Each structure stands twice: as structure tokens, then as C-alpha cells.
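As C-alpha cells, the structure follows; a few thoughts come after it.
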Amino acid sequence: MSNYPSKRAKSLFDPTSTAPYQLSRTGVDLFIDCPRCFYLDKRLGVGRPQGPPFTLNAAVDTLLKAEFDGHRAAGEPHPLMKTYGLDAIPFAHPDLSAWRHNFTGVRFLHPATNLLLFGAVDDIWVTPQNELIVVDYKATSKAGEIELTDAKWHNAYRRQMEFYQWLLRQNGFMVSDTGYFVYCNGKKDRAAFDAKLEFDIQLIPYTGKGDWIEPTIAEIKSCLMGDPVPDPDPDCEFCKYRYAVATVVKGNQNTHGAREA
Numbered sequence: 023m024s025n026y027p028s029k030r031a032k033s034l035f036d037p038t039s040t041a042p043y044q045l046s047r048t049g050v051d052l053f054i055d056c057p058r059c060f061y062l063d064k065r066l067g068v069g070r071p072q073g074p075p076f077t078l079n080a081a082v083d084t085l086l087k088a089e090f091d092g093h094r095a096a097g098e099p100h101p102l103m104k105t106y107g108l109d110a111i112p113f114a115h116p117d118l119s120a121w122r123h124n125f126t127g128v129r130f131l132h133p134a135t136n137l138l139l140f141g142a143v144d145d146i147w148v149t150p151q152n153e154l155i156v157v158d159y160k161a162t163s164k165a166g167e168i169e170l171t172d173a174k175w176h177n178a179y180r181r182q183m184e185f186y187q188w189l190l191r192q193n194g195f196m197v198s199d200t201g202y203f204v205y206c207n208g209k210k211d212r213a214a215f216d217a218k219l220e221f222d223i224q225l226i227p228y229t230g231k232g233d234w235i236e237p238t239i240a241e242i243k244s245c246l247m248g249d250p251v252p253d254p255d256p257d258c259e260f261c262k263y264r265y266a267v268a269t270v271v272k273g274n275q276n277t278h279g280a281r282e283a
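One rule links them: number in the working numbering = place in the sequence shown (from 1) + 22.
Here it is as C-alpha cells:
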């Protein structure tokens with residue numbers, strides 16, 4: 023049986039409320055992807071259908087966190103840092119567990135909009151100069167070296183990194199413009215599975231550019247406060263699907279209505 027609710031009543035934005043409204047990084051990215059889908063979700067309670075969870079990716083995340091936590095407890099660099107000549111160690115902080123949790127994350131109440139923005143980081147490293155480095159774990163399986171391209175999901179990864187950097191800065195931390203993706207690339211050239219996956223691991227730097235964040239937050243608040251549902255986004259697959267369904271249903275009804283007349 024599907025778990026998709028026909029309409030959600032909780033966690034909706036109320037334009038008349040003075041309480042801060044919680045908005046996650048994925049919510050921000052939903053707005054960037056399609057303001058109409060964002061409005062339908064956050065104002066009207068009809069979200070996009072969710073696909074199945076990426077459980078193998080989640081397993082990689084969990085194991086990487088455990089591995090880096092061992093070096094964090096010892097106050098020493100991970101071998102990957104040494105391999106890439108990065109002068110840093112995993113950052114130890116009493117709030118790290120909360121920062122990693124999907125429903126808490128690094129949080130900041132944006133005073134101009136009263137939006138309580140948050141996002142869950144995978145990891146944070148720190149340099150000898152006490153500058154924090156945002157780290158995000160990724161897992162895939164493809165031939166050759168991993169490179170960040172102009173693909174839509176890679177741009178989403180970049181925004182993810184930039185948003186975490188921004189959140190930490192709003193919390194008073196000194197944060198490096200350069201973050202890192204720990205990219206695990208599953209090998210497919212082995213003779214057999216043998217009940218295990220093997221990975222090549224790359225450390226990919228990315229210099230964040232967070233100048234889009236403040237204007238986007240202002241646009242989000244304006245969207246939430248508005249009454250008309252935003253127009254469909256021409257590049258949104260969900261909007262295209264809804265339009266296609268509405269069109270064929272209307273055509274079907276018109277055909278049957280004409281026959282009955």
C-alpha cells in the first residue's frame with residue numbers, strides 16, 4: 023500500500039502566524055527547482071511523491087561517519103587527508119550529532135523573514151587556523167574519475183555545500199570557502215560480487231559561492247506569503263506530468279460527453 027498522503031495538514035506555512043517557520047535545505051532546493059511544487063507542498067500540503075530511499079548510499083554515509091569519527095576521537099587526520107595533502111583533522115564539537123541529524127541540523131533563524139533554516143551536514147573538518155571545512159559524502163558507480171559537471175544534480179550538490187557553509191557562518195564560525203566531496207566510486211570490474219562492494223575514493227574540492235542564498239530566501243518568503251499558486255515551471259517534470267494528466271482526462275471527458283449528447 024502506498025504511504026503517499028492525499029494532503030498534509032502539518033508543517034504548513036501560515037501567513038498570519040508570527041511563529042518562525044522551519045524550512046530545510048531540501049525545501050530551499052525545492053523552491054529553486056520549482057516554485058509551484060514548493061508552494062503546493064509548503065502552503066497547501068500536497069508534496070511531490072517520494073521515491074524509494076537510497077539505502078546503499080545511506081550505508082556508505084554511516085560507515086564513513088564511523089570511520090572519520092574514530093580519527094576525530096583521536097584528534098588525528100584521516101589517511102585521505104594525508105593522501106591529498108590537506109592540513110586538517112575531523113572537527114570535534116558537542117553539537118556535531120545534532121548538526122548531522124536530518125530533523126535538527128545546523129540551524130539559523132533568519133531575522134528578516136522569520137524563517138528557521140536548517141540543514142544536516144555529513145561532516146566538518148577543521149584547519150590549524152580554526153577554519154571549518156564543510157564535507158559531503160557522495161556514492162556512485164561509474165567508469166573513470168569523478169568530475170563535477172553542469173548536470174542538474176551536480177549543481178544541486180554545489181548549492182548543498184554552499185548552504186551548509188552559509189549556515190555555519192551565520193552561527194559565528196569561520197568557514198573556508200573551499201569544501202570537499204568525499205566521493206566513493208563503486209568498482210564494477212571485479213570478477214565476482216563475493217558479498218562485498220569495493221570503492222575508489224576521491225576527495226573533490228569545491229569553492230562555494232553563496233551569494234544566491236539571501237536573495238533566494240527573500241523570494242521564498244514572498245512566495246509563501248502570496249495567495250495565487252505560482253505558474254508551472256516549464257522545466258519541472260512534475261508540472262509537466264500534472265498538465266499531461268489534466269489534458270488527457272479533460273479530453274476523455276469531452277469525448278464521452280459528446281457521445282452521450
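Glycine included, each C-beta is placed from N, C-alpha and C at the ideal position.
Values in this document were obtained by computation on a predicted structure and should not be read as measured data.
{"Query": "Same chain, Cβ closer than 8 Å to Trp-121, five either side skipped, listed in chain order", "Result": "His-115, Gly-127, Val-128, Ala-142, Val-143, Ile-146"}
{"Query": "Ala-283 versus Asp-233 - alpha carbon distance", "Result": "Because Ala-283 carries a pLDDT of 49, less than 50, the predicted location of this residue cannot be relied on, and no value is offered for it."}
{"Query": "Cut-off 8 Å between Cβ atoms - residues of its own chain near Thr-162, not counting five sequence neighbours on either side", "Result": "Ile-168, Tyr-205, Cys-206, Asn-207, Gly-208"}
{"Query": "Same chain only: Cβ atoms within 6 Å of Phe-195, ignoring 5 sequence neighbours per side", "Result": "Leu-154"}
{"Query": "Ordered list of alpha helix (DSSP H) runs contained in the stretch 149 to 211, each at least 4 residues", "Result": "174 to 192"}
{"Query": "Alpha-carbon to alpha-carbon, Ala-165 and Asp-211", "Result": "9 Å"}
{"Query": "Whole-angstrom distance between Phe-90 and Gly-97, CA atom to CA atom", "Result": "10 Å"}
{"Query": "Local Cβ density within 10 Å of Arg-30, reported as buried at 16 or more and exposed below that", "Result": "exposed"}
{"Query": "For Gly-141: DSSP bridge partner residues", "Result": "Val-128"}
{"Query": "Beta-carbon proximity check, Gln-192 vs Val-156, cutoff 8 Å", "Result": "no"}
{"Query": "Nearest neighbour of Asp-158, chosen from Asn-79, Val-50, Thr-38 [CA to CA]", "Result": "Asn-79"}
{"Query": "Rounded straight-line distance, which links the Cα of Ile-239 to that of Ser-46", "Result": "12 Å"}
{"Query": "Start-to-end residues for the alpha helix (DSSP H) that takes in Ser-244", "Result": "235 to 247"}
{"Query": "Test item: CB-CB of Arg-70 and Leu-34 under 8 Å", "Result": "no"}
{"Query": "For Arg-180 and Thr-229, the rounded distance between their alpha carbons", "Result": "9 Å"}
{"Query": "Through-space distance from Cys-59 to Thr-200, alpha-carbon basis", "Result": "32 Å"}
{"Query": "Cβ-Cβ distance between Pro-99 and Ala-81 below 8 Å", "Result": "no"}
{"Query": "Buried/exposed call for Val-148, threshold 16 Cβ in 10 Å", "Result": "buried"}
{"Query": "Check whether Phe-130 and Lys-160 have beta carbons under 8 Å apart", "Result": "no"}
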